[in-house]
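Trainee: My questions all concern the structure below.
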Amino acid sequence: MRWQGASKRTYTGGKRIAGRSKRKFEIGREPAETRIGPSKSKNIATRGGNRKVRLLSEQFVNVTDKKSGKTIRATAQTVTGNPANKHYVRRNIVTKGTILKTDKGLVKITSRPGQDGVINAVLLDE
1 MRWQGASKRT
11 YTGGKRIAGR
21 SKRKFEIGRE
31 PAETRIGPSK
41 SKNIATRGGN
51 RKVRLLSEQF
61 VNVTDKKSGK
71 TIRATAQTVT
81 GNPANKHYVR
91 RNIVTKGTIL
101 KTDKGLVKIT
111 SRPGQDGVIN
121 AVLLDE
């Protein structure tokens, strides 16, 4: 679990007096860090009785060709670029905005795999 509330210190380093204790709604979770591999997901209970699907690994991508408007299923091969973190490329971690090499060509991820539970992408012009 990760706490996402305000710091106990000010930006200059001075101590901030707590007006209250920590609250449950300030708790966050660790990132899913979705990888390329056999399909594996985890269901998570969220606020309001809703559910969220964490995609832990996936090998298939829903690729949309903007020109034709058709969506096809492609097999992911490797990560070639990731604007979120340069080290994610070496570890094959997929986030929104990642450039993937697939059997259909290079694609850019448009969904959030750790939040949505699916990998959607658009075909890039080569």
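The sequence shown begins at 1 in my numbering and counts up one residue at a time.
C-beta atoms are modelled at their ideal positions from N, C-alpha and C, and glycine is treated no differently.
Keep in mind the model is a prediction, meaning the values are calculated, not measured.
Alpha carbon to alpha carbon, how far is Ile27 from Thr64? Give it in angstroms, no decimals.
Mentor: 36 Å
Trainee: Using only the alpha-carbon positions, how far apart do Asp140 and Thr95 sit?
Mentor: The structure shown has nothing for residue 140, since the chain only spans 1 to 126.
Trainee: Use the C-beta contact count for Ile17: other C-beta atoms within 10 angstroms, 16 or more gives buried, fewer gives exposed.
Mentor: exposed
Trainee: What is the DSSP secondary structure of Val122, reduced to helix, strand or coil?
Mentor: strand
Trainee: Would the region 69-78 count as touching the region 93-107 if we require 3 or more Cβ pairs under 8 Å?
Mentor: yes
Trainee: Which full runs of the alpha helix (DSSP H) of 4+ residues lie inside the region 50-95, going along the chain?
Mentor: 87-91
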